[in-house]
Amino acid sequence: MNLRIIKAGILDTVQDMGRYGWQHVGINPGGAMDKLSAQFANILVGNELDEAVIELHFPASAFFFEQPSLIAMSGANFSATLNGEEIPSLRPILVSKYSILQFHRVEKGARAYLAVHGGLDLPEWLGSRSTHLKAGAGGYMGRALQKDDEIRFRKPADLCMLLGKKEFEVLPWKTDSNWGDSNNAKEILVLPGNEWTRLTDHSKEIFFDRAFLISNQSDRMGYRLRSEPLSTISHDEVISSAVSFGTIQLLPNGQLIVLMADHQTTGGYPRVAHVISAHHSRVAQMKPGDLFIFRFTDQQTAEDLLIKQKQHLLQLQNACKFKLEELLNAGN
Amino acid sequence: MPEMPKHTIFPISDSALTIDFGNTIEESINLKVLSLFHAITANPLAGMIEAVPAYSSLTVYYDLFFLKKQVLPGQTVYDWVAAQLLQRLNTDEEKKDVSTGLVTIPVCYEKEFGPDIEFLARKKNISVDELISIHTSRQYRIYMLGFLPGFTYMGEVDDKIATARKHQPVTVAAGSVGIAGKQTGIYPLASPGGWQIIGRTPVKLFNAEKESPVLLKAGDRIQFTSISKNEFENY
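Residue numbers (the working numbering), protein chains in the order written: chain A, 1 to 332; chain B, 333 to 567.
And the structure:
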C-alpha cells in the first residue's frame, strides 16, 4: 500500500472536479468545494487538473507514506508537519518512505487539499472519483476516510533516487497563493437571480449594505447565512427547478443559503443571486463566524474572470510539468 | 415555422441557464420540457455539460472555457448558448417521443412503514383503508427527479388526500412513500424529509452498483398497489 490513514479526521473525503451527466436523475455533481485549490495541488505534483485529491477539514487525518511520494498541499493552511517538521503549502514536496503527515491548527481557510503524484487508485463511480456521501458511492467506498484505510497510487513514479538520504525535500517551484484572492477576499461577486426583483427595496439594501455572517449550519451542502431577515413583495410559489453551485436562495425564515458542492439538484426557494464561478473558491474557504459582503457584477465580467482563472491554471500547469520532467530526467 | 412556446430564459450561474415555460405544474408543459430534454441529450448543444429537466423548465449547464472561443468579442457565452437553445426549440426535430412506461410499485401501508398514515387519515376525515384505496386508485405521472438521487416528484393526488408538508424535516427511511401538497413521491435513500409518510416500498429505486443506478425516469407512469407486511418482507 502507498498511503495509510493512521488517525481519522472529522470529514476527509476523496474529491475531484465532480460528476456530471446525472443531475437529471437527482445525482448532484459534488466534487471539491474549492476546485481552484484542488487544481493548484494537482498542478504542483504534475497531475492532470481533474485528478482526485483528498479534501481535508480540521481536525484533519494523519497520513503515513509507505513509499516515497511527491505531494502538495493547497487551500486552507492547517499548519502541516512531516515527521514533526513544518512544511509549506503550495509547494511540491518529495516525501521519503515511512513519513508521517499531520495537521495541527487552522491558520487560514476552511478546507485543505492533498494531492499525490500519480493520483489515487480508486474506482470511478459514474465517471468520477468524488465521494457521494448520501449515495454511499464514489471516492473511498463512498464514505469519509477512517483510520487504517489504505490507498494505492494509480501511477506511482520511482522517486527513490531523488531524495537520497533526506527525509523530505521542498522543491523550488510554487503557485501564487494570492491568485483569485488579490483584491478583497471578503467581497463576493454575484449575478442577480431570477427572483431578485421580488425582494422589497429594504431587503435589496440589506443585501448590498450589510455584511453577512456564515452560520454554524454550514457544510458541503450549503452555507446558511445570518443577517437582518429579507422579505419579498410577492409570495408566489416558485416551482422546483434545477439549481447550481453558488445559487443564493431565500429561505422561508428570511435568511439566505448559498448552495455549495453537495447541493440538491433542484430547489423551489426564490433565487436571489448567484455567486460567480471565479469566486466559488473564496466562498469555499470561508468558515462559520466569517463575515463578507456581496457586490453585483455582470455576465461579461463573470465570464472573463473565470476564463482568466482557467488560463492562469493552464499556464501554471505547463510550467510545472516542464520543471517536474527536468527533475525526473535528472534523477534517472 | 411552428409557433415558439411561451418561455423565459435566465441564467442560474455564469455557466448555466434555464428556459422556463410558465413556472407551473401541467402535464402538457412538462411534456414539452421532456421532449426538449431528450432532443438536446441525444444531440447535445456545443459545449453542453448536461441538461436537467424539471416541472416546467429545462436547465443547461455548459463549459464556459470551451465556448468562449466560439463567441465574438463583446458577446457573452450566455447569449450564445441561449440563442442555440432557442434555435433548437424552434426546429421540428425536437418533437421527440417522451417515455410513458407504466411501472407498478408495491407499497406496504402498515403503520410501522407509514408513520404518518393514521394522522393524515384523521386530518382528512377518512379511514386508513379509504386513504390507501384513494392513493392506489389512479396512475401518477413522474414530472421530474431531484432532491436526492432517484427521488421522484409525481402528481397529482386526489384532493381528499392532499396535505401540507411537515414544519420540520424528520428522518425518513429508504423506500418511504410520501405526500406533500398534491404531489406524491418515493424516498430512494434514507434522508431528512418533510413529506407525510404513508407507506414503504420494498423496490430498490436506487442502486449505486448498477450501470444506470436510478430505476424510474421522468415521464414514467406509476401505479401503486397495496401489499401486506408479509409480502413486503418476502419481496
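Backbone N, C-alpha and C define an ideal beta-carbon position, used for all residues, glycine too. Small disclaimer: the values here were computed from a predicted structure and weren't measured.
Rounded separation between B:H339 and A:I276 - CA only
Roughly 25 angstroms between the two C-alpha positions.
On the criterion of 16 or more Cβ atoms from any shown chain inside 10 Å, does B:N362 qualify as buried, or is it exposed?
Per the 10 Å Cβ criterion, buried.
Taking buried to mean at least 16 other C-beta atoms within 10 Å of its own C-beta, is B:F556 buried or exposed?
Around the beta carbon of B:F556, 16 or more other beta carbons sit within 10 angstroms, so the residue counts as buried.
Determine whether the beta carbon atoms of A:K97 and A:K7 lie at a separation below 8 angstroms.
No. Outside cutoff.
Which residue marks the beginning of the alpha helix (DSSP H) containing B:R420, and which one marks its end?
Its alpha helix (DSSP H) spans residues V409 to L421.
If you measure from the beta carbon of A:V258 to each beta carbon in chain B, is any gap under 8 angstroms?
No, no contact with chain B.
Leaving aside the five residues before and after B:Y567 along the sequence, list all residues of the same chain whose C-beta is less than 6 angstroms from its C-beta, in chain order.
The answer, listed in chain order, is P534.
Which residues in the same chain have their Cβ closer than 7 angstroms to the Cβ of B:T436, if we skip the five residues on either side of it in sequence?
The beta carbon of B:T436 lies closer than 7 angstroms to those of Q555 and T557 in the same chain, with the five residues before and after it left out.
Contact between the stretch 46-64 of chain A and the stretch 106-118 of chain A (3+ Cβ pairs under 8 angstroms):
In short, these stretches touch, since the Cβ pair count reaches three.
Could you work out which residues of chain A lie near B:A540, taking near to mean beta carbons separated by less than 9 angstroms?
Those within 9 angstroms of B:A540 in chain A are W125, L126, H132, A135, G136, A137, G138 and G142.
Which residues bound the alpha helix (DSSP H) around A:M161?
Segment C160 to L163, the alpha helix (DSSP H) holding A:M161.
CA-to-CA distance, A:I233 to A:Y269, given in whole angstroms
If you draw a straight line from the Cα of A:Y269 to the Cα of A:I233, it comes to about 14 angstroms.
Starting from the N-terminal side, write out each stretch of the alpha helix (DSSP H) that is 4 residues or longer and does not extend beyond the stretch 23-64 of chain A.
Scanning the stretch 23-64 of chain A from its first residue to its last, the whole alpha helix (DSSP H) runs of 4-plus residues come out as 35-44.
Member of B:H499, B:S508, B:T516 and B:T503 whose CA lies at the smallest distance from the CA of A:N253
Taking only the C-alpha atoms, the option nearest A:N253 is B:H499.
Quick check: the stretch 163-170 of chain A against the stretch 75-88 of chain A, are at least 3 beta-carbon pairs closer than 8 angstroms?
Because the criterion of three Cβ pairs below 8 angstroms is met, the stretch 75-88 of chain A and the stretch 163-170 of chain A touch.
Got a sec: which bits of the stretch 270-287 of chain A sit with their beta carbon under 9 angstroms from any beta carbon on chain B, in order along the chain?
Of all residues in the stretch 270-287 of chain A, the ones placed with a Cβ closer than 9 angstroms to any Cβ belonging to chain B are R271, H274, V275, I276, S277 and A278, in chain order.
Does B:Y519 have its Cβ less than 8 angstroms from a Cβ in chain A?
With 8 angstroms as the cut-off, B:Y519 does not count as an interface residue toward chain A.
Exposed or buried, B:V365, counting other C-beta atoms within 10 Å across all chains shown (16 or more means buried)?
Per the 10 Å Cβ criterion, buried.
Below 8 angstroms on the Cβ atoms is my contact criterion, and I expect B:I474 with B:D490 to pass it. Report the Cβ-Cβ distance as a whole number of Å.
With 8 angstroms as the limit, B:I474 and B:D490 do not qualify as a contact, their Cβ atoms being about 18 angstroms apart.
Compute the beta-carbon to beta-carbon distance between A:A144 and A:L56, rounded to the nearest angstrom, for a pair I have assumed lies under 8 angstroms.
So it is not a contact: roughly 11 angstroms between Cβ atoms.
Apart from the five residues just before and just after B:T495, which ones in its own chain have a Cβ nearer than 8 angstroms to its Cβ?
Closer than 8 angstroms at Cβ, skipping near neighbours: L452, K455, K456, I511, A512, G513 and Q528.
Simplified DSSP state of A:H132, which is helix, strand or coil
Of the three classes helix, strand and coil, the one that applies to A:H132 here is strand, per DSSP.
Based on Cα-Cα distance, which residue from A:R198, A:M33 and A:D158 lies nearest to A:G109?
Nearest to A:G109 by C-alpha distance, out of A:R198, A:M33 and A:D158, is A:M33.
Among B:Q402, B:P337 and B:L349, the one whose alpha carbon lies nearest that of A:F245:
Its Cα nearest to that of A:F245, the residue B:L349 stands out among B:Q402, B:P337 and B:L349.
From the beta carbon of A:Y223, is the nearest beta carbon of chain B less than 8 angstroms away?
So, not an interface residue.
Please identify, using Cβ separations under 9 angstroms, the residues of the stretch 346-375 of chain B that lie next to chain A, in order along the chain.
Those residues of the stretch 346-375 of chain B that come within reach of chain A (Cβ to Cβ, closer than 9 angstroms) are D346, S347, A348, T350, D352, G354, N355, T356, I357, F369 and T373.
When A:R91, A:W125 and A:T13 are compared against A:N77, the one with the closest alpha-carbon:
Of the candidates A:R91, A:W125 and A:T13, the one whose C-alpha sits nearest the C-alpha of A:N77 is A:R91.
I'd like to know whether the C-beta atoms of B:V546 and B:L434 end up nearer to each other than 8 angstroms.
No, the Cβ-Cβ distance between B:V546 and B:L434 is not below 8 angstroms.
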